[in-house]
Amino acid sequence: LTSDLSICRTDNEQLQRDLLSACCALENAKLSQDGRVLEGVSEAKIGLEKMKVKLESAMCAEKDLRHRCSDLEQQKEELNVKLDQAEERNSWYEDGHGLTESVRYQTKLEADIRRRDHDLKSLTTDLGKYI
4 LTSDLSICRT DNEQLQRDLL SACCALENAK LSQDGRVLEG VSEAKIGLEK
54 MKVKLESAMC AEKDLRHRCS DLEQQKEELN VKLDQAEERN SWYEDGHGLT
104 ESVRYQTKLE ADIRRRDHDL KSLTTDLGKY I
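Our numbering puts the first residue of the sequence shown at 4, with every later residue one more than the last.
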């Protein structure tokens, strides 16, 4: 009986050592897991901050572009008004000085020259055939 008791005590001590070892391993695993979780959270926070900076930069750039577009639209409108005024002045000037008729007459003269050049070329070709 004494030897059984001794064996039981030895087994009990071994089981207690195994239990203590398992508890230490479990505690180390928990600490390791907590460290990885904290590291992951920290990396996520850093990534979030980087994205916030990028978003803020993009929003600022968009604001600048919208302002620039607004300025360009205003400039375009002003230039269209100036163009309309210039075309109106040119039309008034052309009408007042007979330039419209001059342009028509010039176009007619250019057409006459082209016809005469064509007739001259035809006559030269015909003359070349007869000679």
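Cβ atoms here follow ideal geometry from the backbone N, Cα and C, with glycine treated the same way.
Residue i in three-state terms, based on DSSP
i: I49; result: helix
i: L4; result: coil
i: I134; result: coil
i: H100; result: coil
Any chain D beta carbon closer than 7 Å to residue i
i: L130; result: The chain inventory of the structure shown lacks chain D, comprising one protein chain alone.
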